[in-house]
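> Under the UniProt record's numbering, the first residue of the sequence shown carries the number 1, and numbering increases by one thereafter. Don't be surprised by glycine CBs; every beta carbon is placed ideally from N, CA and C. Take this structure, written in structure tokens, and hold onto it; I'll ask about it next.
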Amino acid sequence: MSPVPSGLSRSEVDNHVVDQGVFSKGHQSLSNLDENPLRRAWRGDKEERVQWSSVPKFESPYEEREWVKEHMAAAFRYWGKLGYADGISGHITVKDPVLPGHYWMNPFAVHFSSMTKSKLVLVSPDGYVTEHGAQLPINAAGFYIHSAIHKARPDIKAAAHCHSIHGRAWSAFGLPIETLTQDACLFYDNLGVYKNFGGIVLAKEEGENIAAALGPKFKACILQNHGLLTLGTTVDEAVYNFSSLERQCQVQLLAEAAAANGRKKTVISEEDAQFTANTLQWWEVSYTNFQPEYNLLLEETNGAFLR
């Protein structure tokens, strides 16, 4: 029989329960890692012929516009698969690469699962449907929320908001999530909480308040009694961040239920959370995390959302 390490009982060893505090911990160092956080996540061959390609380079803003619309339509299909559709609520906006101050948005009362590139609406800076996209109305609340965010945060290109189940449930507490899992580190020091509910957003002031809760750098926000909102450098990043935050709200609710029965939660230390966040919060990482979903949607729909 193997010896029992100091600080552990025989039953803990037999059941493979090991407290990391028993062992000396050498923290990983960022100095030994690639400067590009995404490059840390994959390996190719020795000769570097096998490569992962990220966001493509575009020859013109018009080419980029088409790419944006394709990925935006896929984002809605993804939300539909996840069951996020709920009546007329929910919206994603992405800045137009061609016309400054304009952004693309989903049309009013069109189901996420039926979204196509040709159904997307190009909205003017003052919130009106333009002639360059689908001639369909847009959600007024979506305009007030997203226009304020795009104005306050010129560093981002996309914003995503809908009324997902676990996000809504956790939002009732008006609290941030805890860093209970590795994936939750995506939101470490990267999550605002809007501690107010002023009713359905039908005026610009409420949108401005939500934008203020995001501050100058956060890419996610919990809207009390309302739901979740996330931002991104690409629509892919914003949508992946949203689904990830929704899952972490589910994890938090499950952990709280277990804790109510006497189970103790273990929250990741600030040092470990920051180390993990240094990789997870890089925009290309979230962009890349969405690509398996995009490619699967292409297969499942035979590219129907590209129409």
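1. Mind checking which residues open and close the beta strand (DSSP E) that includes A158?
2. Roughly how many whole angstroms lie between the Cα atoms of E64 and V94?
3. Determine contact between the segment 213-229 and the segment 268-275, defined as no fewer than three beta-carbon pairs at a distance below 8 angstroms.
4. List in chain order: all unbroken beta strand (DSSP E) runs of 3+ residues lying wholly within the segment 131-213.
5. Which of the three DSSP states is assigned to T233 in this structure?
6. Suppose you measure from the CA of Y180 to the CA of L186; what does that come to, to the nearest Å?
7. Answer yes if the segment 84-94 comes into contact with the segment 34-53, meaning at least three C-beta pairs across the two stretches below 8 angstroms, and no otherwise.
8. Going by beta carbon distance, what residues of the same chain come within less than 7 angstroms of A172, once the five residues before and after it are set aside?
9. Within a Cβ cutoff of 6 angstroms, which residues of the same chain sit near V235, ignoring the five residues on either side of it in sequence?
10. Rounding to the nearest angstrom, what Cα-Cα distance links S243 and G198 in this structure?
11. Less than 8 angstroms between the beta carbons of L214 and R153, yes or no?
12. Can you give the Cα-Cα distance for P137 and N106, rounded to whole angstroms?
13. Closest by CA to Q51, which one among K57, Y62 and R39?
14. Give me the Cα-Cα distance between A255 and K265, rounded to the nearest whole angstrom.
15. Could you tell me whether the segment 134-150 touches the segment 201-212, using the rule of 3 or more Cβ pairs below 8 angstroms?
16. Around the Cβ of L297, are there at least 16 other Cβ atoms within 10 angstroms (buried) or fewer (exposed)?
17. Assuming V98 and Y128 make a contact with CB atoms under 8 angstroms, what is their CB distance in whole Å?
18. For V201, count the other beta carbons within 10 Å of its own beta carbon; 16 or more makes it buried, fewer makes it exposed. Which is it?
19. Is the beta carbon of H132 less than 8 angstroms from the beta carbon of L120?
20. Quick one: does the C-beta of Y294 sit closer than 7 angstroms to a heavy atom of the ligand ATP?
21. What first and last residue would you give for the beta strand (DSSP E) that runs through M105?
22. Roughly how many angstroms separate the alpha carbons of F143 and A277, rounded to a whole number?
23. Could you tell me which of A169, G232 and N302 sits nearest to E247, measuring between CA atoms?
24. Could you spell out where the beta strand (DSSP E) holding T93 opens and where it closes?
25. Would you mind stating whether R77 and F108 have Cβ atoms separated by less than 8 angstroms?
26. With A260 as the anchor, note down where its alpha helix (DSSP H) starts and where it stops.
27. Excluding the five sequence neighbours on either side, which residues of its own chain have a C-beta within less than 7 angstroms of the C-beta of Q281, listed in chain order?
28. According to DSSP, simplified to helix, strand and coil, what is L297?
29. Name the residue from K69, L231 and H166 whose alpha carbon lies nearest to the alpha carbon of L253.
30. Once you ignore the five residues that flank Y188 on each side, which residues in its own chain have a CB closer than 7 angstroms to its CB?
From the atom records:
1. A158 to C162
2. 12 angstroms
3. no
4. Listed in chain order, they are 158-162 and 191-194.
5. coil
6. Per the sequence presented here, residue 180 reads as Leu, with Tyr not at that position. Those two C-alpha atoms are separated by around 11 angstroms.
7. no
8. N225
9. H71, M72, A75, V94 and A158
10. Each residue's Cα considered, the two are about 25 angstroms apart.
11. Less than 8 angstroms divides the Cβ of L214 from the Cβ of R153.
12. 9 angstroms
13. R39
14. Straight-line spacing of the CA atoms in A255 and K265 works out to 7 angstroms.
15. Counting Cβ pairs under 8 angstroms, three or more are found: they touch.
16. buried
17. Actually they do not touch by this definition, with Cβ atoms about 17 angstroms apart.
18. buried
19. no
20. Among the ligands in the structure shown, none appear at all, so the ligand ATP cannot be discussed.
21. Y103 to M105
22. 31 angstroms
23. Glu is not the amino acid found at residue 247; the sequence shown has Arg there. For R247, the nearest C-alpha among the options comes from A169.
24. H91 to K95
25. No; because the gap between Cβ atoms is not below 8 angstroms, this pair is not in contact.
26. Counting along the chain, A260 falls outside any alpha helix (DSSP H), and DSSP gives it neither H nor E.
27. Excluding sequence positions up to five before and after Q281, its CB lies within less than 7 angstroms of the CB of L186 and N190, all in the same chain and listed in chain order.
28. helix
29. Comparing Cα positions, the closest option is H166.
30. T179, A273, Q274 and A277
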